[in-house]
Amino acid sequence: MQDAAIHIHVNGQARTWRSGVTVADLLKDLDIRTERVAVELNLEILDRAEFDQRQLTNGDRVEILGFIGGGVGSMN
Amino acid sequence: MTDDRLVIAGREFKSRLWVGTGKYKDFVETQKAIEVSGADVVTVAVRRVNITDRSKENLLDYIDPKKYTILPNTAGCYTVEDAVRYSRLARAAGVSDLVKLEVLGDERTLFPDTAGLIEAAKILIKEGFIVLPYTNDDPIVAKKLVDIGCPAVMPLAAPIGSGLGIRNPYNLKIIMETVKVPIIVDAGVGTASDAALAMEYGADAVLMNTAIAGAQDPLAMAEAMRYAVHAGRLAYKAGRIPRKLYATASSPIEGML
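Residue numbers (the numbering used here), protein chains in the order written: chain L, -17 to 58; chain P, 36 to 292.
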């Protein structure tokens, strides 16, 4: 099982990852520092303490968000 | 004016100028403009992290959250659900319970959807958020927002990014009389005199982004805004003379030939 791949969506992009990967592993693989991001897994916002326990499974939708420059309103 | 601190929900702020971090050329310019402006509150937006190009730098590498109060906004949210979702994400991303709540009603004017704003604010306040709502210059809505627990209100001066200045000074004055919480004039400021006027009317702070970032020389405008807000505040506290139709001489008649 450990060798099987899973198909997930990360920030709207279809990706293939190794089976058994946790949210913390995913962030590490993507070279994203955990302390300034929020992670939503299938619309559930995760607590940072859960990152290394939550394993991803086939079909999961992961959103990784952080802070960018902004004032009021939005720009396209 | 070291004793003239702005206090919102028990938090003290040194600066009465708050600034946004959008529309700058790069992070270095953003950082310099904020520094020159003297602002200690900076607004940021919440967006997807770029997962394909990790070489892109992070805004917070340039704006130290230990030095500035980071105020996440819900910019770009047009529904209550989205605004609540983005607020929760902002809190999860780990800065604080503060949120500048925006529920926009229309893409052309970016005016707030005030009904949606009140609804979203209620939900978030129940969840322990400190909600600073971006609202219209409507005294009734401002009062409702305060009644449900917003510790400050942020009425617009004019449409976001319009640079039109204060379109409705009388409504702003009525808001200031109606609610007893800090009023932060947010959006629509074009130049230094607009910011000074807002403060002279009695606003507790001014928040702006485009007026500085969009100026031909953002750093010079950041400095101008710093002085304008300071001057406006001093003038407000000093108490201006009343307007009169006719002249009043300032030299005595006594001693004339």
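All C-beta atoms, glycine included, are put in the ideal place defined by N, C-alpha and C. Note that this is a predicted model, so its numbers are computed, not measured.
query: Under three-state DSSP, which class holds P100(P)?
result: Here residue 100(P) refers to the residue found at position 65 when the second sequence is read from its first residue. Reduced to three states, the DSSP call for P100(P) is coil.
message: Please give the ranges of any beta strand (DSSP E) in the stretch 230 to 282 of chain P, keeping only runs that are unbroken, at least 3 residues long and fully inside the region.
response: 240 to 243
- request: Taking only the alpha-carbon atoms, compute the straight-line gap between V130(P) and M256(P) and give it to the nearest angstrom.
  value: In the second sequence, residue 130(P) corresponds to position 95, counting from 1. In the second sequence, residue 256(P) corresponds to position 221, counting from 1. Their Cα atoms are separated by approximately 28 Å.
- prompt: Would a check of beta-carbon distances place E47(P) closer than 9 Å to chain L?
  reply: Position 12 of the second sequence, counted from the start, is the residue given in the question as residue 47(P). No - not a single Cβ of chain L is within 9 Å of the one on E47(P).
- request: Report the residue from V19(L), G48(L), N40(L) and N24(L) whose alpha carbon sits nearest the alpha carbon of R30(L).
  value: The residue given as residue 30(L) occupies position 48 in the first sequence. Minimum Cα distance to R30(L) is reached at V19(L).
field: Contact check, G151(P) vs T104(P), beta carbons under 9 Å
entry: As a position in the second sequence, residue 151(P) is number 116, starting the count at 1. As a position in the second sequence, residue 104(P) is number 69, starting the count at 1. Cβ distance not < 9 Å, so G151(P) and T104(P) don't count as in contact.
message: Could you tell me the alpha carbon to alpha carbon distance between A227(P) and Y262(P), rounded to whole angstroms?
response: Indexing the second sequence from 1 puts residue 227(P) at position 192. Indexing the second sequence from 1 puts residue 262(P) at position 227. Using only the alpha carbons, I get a separation of about 8 Å.
- request: Using the Cα positions of D252(P) and T(-2)(L), report the straight-line distance between them to the nearest angstrom.
  value: Along the second sequence, one-based indexing puts residue 252(P) at 217. Along the first sequence, one-based indexing puts residue -2(L) at 16. The alpha-carbon atoms of D252(P) and T(-2)(L) are separated by roughly 46 Å.
field: 9 Å Cβ cutoff, P217(P) in contact with chain L
entry: Numbered from 1 along the second sequence, position 182 holds the residue referred to as residue 217(P). Cβ-Cβ to chain L under 9 Å: no for P217(P).
message: Please give me, in chain order, every unbroken run of the beta strand (DSSP E) with length at least 3 that falls completely inside the stretch 180 to 224 of chain P.
response: 219 to 221
field: Segments of 4+ residues assigned as alpha helix (DSSP H) that fall wholly inside the stretch 102 to 183 of chain P
entry: 115 to 127, 149 to 161 and 174 to 182
- prompt: From V3(L) to V176(P), what distance separates their C-alpha atoms?
  reply: Here residue 3(L) refers to the residue found at position 21 of the first sequence. Here residue 176(P) refers to the residue found at position 141 of the second sequence. If you take the alpha carbons of V3(L) and V176(P), they lie about 48 Å apart.
message: Let me make sure I understand the geometry here. Which of K157(P), A192(P), T213(P) and G73(P) has the alpha-carbon closest to that of E258(P)?
response: Residue 258(P) sits at position 223 when you count from the first residue of the second sequence. Nearest option by C-alpha distance: G73(P).
- prompt: Name the chain P residues whose beta carbon is nearer than 7 Å to that of V(-8)(L)?
  reply: Here residue -8(L) corresponds to residue number 10 of the first sequence, with the count starting at 1. Result: I86.
- request: Please list, in chain order, all residues of the same chain as K208(P) whose beta carbon is under 8 Å from its beta carbon, the five residues on each side excluded.
  value: In the second sequence, counting from the first residue as 1, residue 208(P) sits at position 173. Cβ within range, chain order: Y236 and G237.
query: Of all Cβ atoms in chain P, is any one closer than 9 Å to the Cβ of L47(L)?
result: Mapped onto the first sequence, residue 47(L) falls at position 65. By this cut-off, L47(L) is an interface position.
task: Using beta-carbon positions only, say whether R0(L) and I14(L) come within less than 9 Å of one another.
output: Taking the first residue of the first sequence as position 1, residue 0(L) is located at position 18. Taking the first residue of the first sequence as position 1, residue 14(L) is located at position 32. No, the Cβ-Cβ distance between R0(L) and I14(L) is not below 9 Å.
query: Do you know how far the Cα of P204(P) is from the Cα of A230(P)?
result: Position 195 of the second sequence holds residue 230(P). Position 169 of the second sequence holds residue 204(P). C-alpha separation (whole angstroms): 12 Å.
message: Could you check whether the Cβ of T65(P) sits closer than 9 Å to any Cβ belonging to chain L?
response: Taking the second sequence and counting its residues from 1, one reaches residue 65(P) at position 30. Output row for T65(P): interface = yes.
- prompt: Over what stretch of residues does the alpha helix (DSSP H) that includes A284(P) continue unbroken?
  reply: In the second sequence, the residue the question calls residue 284(P) occupies position 249. Here A284(P) belongs to no alpha helix (DSSP H), and DSSP marks it neither H nor E.
message: For a cutoff of 9 Å on Cβ pairs, would you count I27(L) as touching chain P?
response: Position 45 of the first sequence, counted from the start, is the residue given in the question as residue 27(L). So yes, I27(L) belongs to the interface.
- prompt: Mind checking if V134(P) is an interface residue toward chain L, Cβ cutoff 9 Å exclusive?
  reply: Position 99 of the second sequence, counting from 1, holds the residue named residue 134(P). With 9 Å as the cut-off, V134(P) does not count as an interface residue toward chain L.
task: Give the straight-line distance between the Cα atoms of P190(P) and E137(P), rounded to the nearest whole angstrom.
output: Taking the second sequence and counting its residues from 1, one reaches residue 190(P) at position 155. Taking the second sequence and counting its residues from 1, one reaches residue 137(P) at position 102. Between P190(P) and E137(P), the C-alpha separation is close to 11 Å.
query: Just to confirm, are F49(L) and L94(P) a CB contact at a threshold of 9 Å?
result: Translated into positions along the first sequence, residue 49(L) becomes position 67. Translated into positions along the second sequence, residue 94(P) becomes position 59. Yes, they are a contact pair.
message: Using the three-state DSSP reduction, which class does A(-14)(L) fall into: helix, strand or coil?
response: On the first sequence, residue -14(L) is found 4 positions in, with the first residue counted as 1. In this structure, A(-14)(L) counts as coil in the three-state DSSP scheme.
- prompt: What residue does the alpha helix (DSSP H) around V63(P) start on, and which one ends it?
  reply: Working through the second sequence from its first residue, we reach residue 63(P) at position 28. Looking at the DSSP string, the run of the alpha helix (DSSP H) that includes V63(P) is F62 to S72.
query: How long is the line joining the alpha carbons of N85(P) and L269(P), rounded to whole angstroms?
result: For this step, residue 85(P) is matched to residue 50 along the second sequence. For this step, residue 269(P) is matched to residue 234 along the second sequence. Near 44 Å, if we compare the C-alpha coordinates of L269(P) and N85(P).
message: So with CB distances below 9 Å, who are the chain L contacts of I105(P)?
response: Residue mapping note: residue 105(P) aligns to position 70 of the second sequence, counting from 1. Those within 9 Å of I105(P) in chain L are F49.
query: Which residues bound the alpha helix (DSSP H) around V19(L)?
result: Within the first sequence, the letter at position 37 stands for residue 19(L). Here V19(L) belongs to no alpha helix (DSSP H), and DSSP marks it neither H nor E.
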